[in-house]
Each structure stands twice: as C-alpha cells, then as structure tokens.
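Let me begin by presenting the structure, written as structure tokens, before commenting on it.
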Amino acid sequence: MFDELFGRAELKERIETLEDEKADLQDRLEAERERRKDAVTDRQAAERRVNELEDRITQLRDRIDRLEDGEQTLSYRRRERLAGERVGDVLDRLASLEGQPESVLTAVVADDHRIPDALREGFGERAALISRAAPCLAVTDDAGIVSAAFDVPNPPEPFARWSDGVELERSWFEPTGRFTLALVRSDLFAMGVYEGRERTAFHGFDSELKSNHSKGGFSQSRFERIRDGQIDTHLGRCQEALAERPGDAPLFVVGERSVLGAVSDAADATAAVDATGEPEPALEQAFEDFWTVILYGI
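Residues 1 to 298 in the numbering used here are what the sequence shown lists, from first letter to last.
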C-alpha cells in the first residue's frame, strides 16, 4: 500500500525492467566478445594456411624450374625439427668434426639464395638444395661424411670457408646471454627479457579489432579504413613498448609476416611465427618456435 502511495511500486518495476535489460546487454556483450575471438582465431588459422600454401607454391615452382632446365629432381635426404636439448646434441656432434686444414666447409647463406662458389665446389649439383633452404648454415666435408643445412634463428653475416672443423657460434642457434624477444601481431603484443632460457621480465597487451564487415551500417571501404586505423594505433603502441626495452640486449622480433616490417627496424633477427592466444602463453610459444631449428639432410 505504501509502495503504491509513494510511487515506489512503479520505481521497483522500472528497476526490475532495467535489471533485465542490463542482464540482456551483458549476455549480448559476452556473445560479441566470443564472436570476435572466434573471428580472430579463424583469421589466424587462415594466415597459417596461407603461409603453408606459399611455401608449397615456392617448392613447386622450384621443381618446375628444375624440370624445365632439364635438371634431375633433387630432394632432401631427411628433414627434422630440432628443439631444446636436441639442438645442443646436434651442435656437439658438429663441433666434434675435425679434419685436415681446408677439409671442412662451413657457409652461411643469405635469403637472397645466392650460392657461393665454395658451396658449388663442396656440394656439387646438390648445392641447389642449399638455395631452397636459405637463409641457412650449410656444412660438408671433402669426404662427404657430413652434408647438411640448418636454418639459423640468429644468423651472422654470410660467409663460406674451408677449414679444419665446423665454424659456428652457439648463440646463432640457442638462447644464450641476455636478449629481448618480442611477439607482434595485428591484435597482440608480448615482450620478454631473457637470460638464456629464463625470462626475467615481461610486458604484453592486446587490442580489439573489427573482425568482420556487415553489409549494413557503412561501406566495406570505410570498414577497412577503420580496421587499418586500429592496427596502426596498435602498432604504434608496440613501437613505444619496444623503445623501452633494455638497449644493450639483442632484439628478436617475431609474429605476423604482414606487420613485422612496421616494427622490426631495430631487430637483430626476425621470423614469422603462428603463436596466438593470450600475450604471456603466446610469447612462450613464440619463444619455442623461434629457437626451433630445422635440419635438412643434403
């Protein structure tokens, strides 16, 4: 009775209505967030598939070129992904290879695929396989006991030398000393400072992007401009974060191939990786991917 007299009943009904509306909006907001996450996941999966197809197309074009030139089709004897302790084991074996002066060839080949004369001398017709693996480190000896190439996470300047053993540095292949590793995607940033494999500092964030275009509301071109602006803003934040890293440590930047060029000016090495998810676990995955070495049997 008093509720009706003072108008409280109407207010209580209004509050209940607003509470229901609030709950409905919260449900819609959560559904929208899940939809955006799914859209980002789908886009990242599509990017991985594009990278796989690009690699396959390159391989097929190489094969066509060789067949058109009348060359015998060449293939790697084996291919293995080396990670963790396995990398160190293989490097130990390489370091144990000793011979007479100028009996062992070590070469770092850049990604321009130019094959030094020393590699043609050491590998013969199979030097073409080195070109396909580039950028890489290639090793062989004058007796043909060793014949392999390795992609190099942190490559030095290209060189080709005959000597009495394999010439390499562990820091080219394994996390040693202090360095910074940053993962950059169009919607995510994660950066860690490391001492070897131990991470001593972390900074990360993500940014929401418009995930798809609806035919209603505004045009496709406007949607793309808005999305591009969001990505530019995100990359600006990434550049600011990179500028605050320890200046005396090497910097490795990994992530989406499409955005690496915008943030990698100061990087000592870069690599495309498919790490996704929340910033911290994504960085852990990126770390493992970056320091994984592919062994090619030549």
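All residues carry an ideal CB built from backbone N, CA and C; glycine is no exception.
DSSP three-state assignment for residue i, whether helix, strand or coil
i, result
"residue 131", "helix"
"residue 267", "coil"
"residue 293", "strand"
"residue 274", "coil"
"residue 227", "helix"
"residue 287", "helix"
"residue 279", "helix"
"residue 298", "coil"
"residue 14", "helix"
"residue 214", "For residue 214, the pLDDT reaches just 49, beneath the cut-off of 50, and the residue's location in the model is therefore unreliable, although a value from the coordinates is still provided. Correct three-state label for residue 214: coil."
Option nearest residue i by Cα separation, candidates the options
i, options, result
"residue 181", "169, 195 and 187", "195"
"residue 248", "114, 267 and 198", "267"
"residue 99", "141, 93, 91 and 84", "141"
"residue 118", "87, 158, 133 and 81", "158"
"residue 260", "164, 285 and 187", "187"
"residue 277", "208, 136, 20 and 242", "208"
"residue 179", "80, 29 and 242", "242"
"residue 190", "152, 263, 31 and 18", "263"
"residue 177", "197, 273 and 231", "197"
"residue 78", "131, 150, 135 and 107", "150"
"residue 255", "274, 234 and 153", "274"
"residue 175", "204, 97 and 192", "192"
"residue 204", "231, 281, 88 and 227", "281"
"residue 152", "87, 93 and 239", "87"
"residue 230", "185, 200, 265 and 127", "185"
"residue 143", "131, 91, 27 and 97", "97"
"residue 292", "57, 19, 81 and 28", "81"
"residue 75", "13, 236, 171 and 127", "127"
"residue 237", "120, 206 and 265", "206"
Whole-Å CB distance - residue i paired with residue j, under 8 Å assumed
i, j, result
"residue 271", "residue 290", "6 Å"
"residue 312", "residue 129", "This structure cannot speak to residue 312, because the chain is shown only from 1 to 298."
"residue 148", "residue 295", "6 Å"
"residue 257", "residue 251", "Residue 257 to residue 251, Cβ: 18 Å. No contact."
"residue 269", "residue 155", "7 Å"
"residue 109", "residue 134", "4 Å"
"residue 139", "residue 106", "6 Å"
"residue 162", "residue 125", "Their Cβ separation, rounded to whole angstroms, is 19 Å, which puts residue 162 and residue 125 out of contact at 8 Å."
"residue 298", "residue 123", "6 Å"
"residue 90", "residue 164", "Not quite, the Cβ-Cβ distance comes to about 20 Å (not below 8 Å), so this is no contact."
Residues sharing a beta bridge with residue i, DSSP
i, result
"residue 147", "140"
"residue 159", "108"
"residue 206", "188"
Which complete beta strand (DSSP E) runs does the segment 163-204 hold, if anything under 3 residues is left out? The segment 163-204 contains these whole beta strand (DSSP E) runs: 178-185 and 188-195.
What are the complete alpha helix (DSSP H) segments, minimum 4 residues, inside the segment 71-118? Within the segment 71-118, the complete alpha helix (DSSP H) segments at least 4 residues long are 85-95, listed from N- to C-terminus.
Starting from the N-terminal side, write out each stretch of the beta strand (DSSP E) that is 3 residues or longer and does not extend beyond the segment 230-259. Counting whole runs of 3 or more residues, the segment 230-259 contains the beta strand (DSSP E) stretches 251-255.
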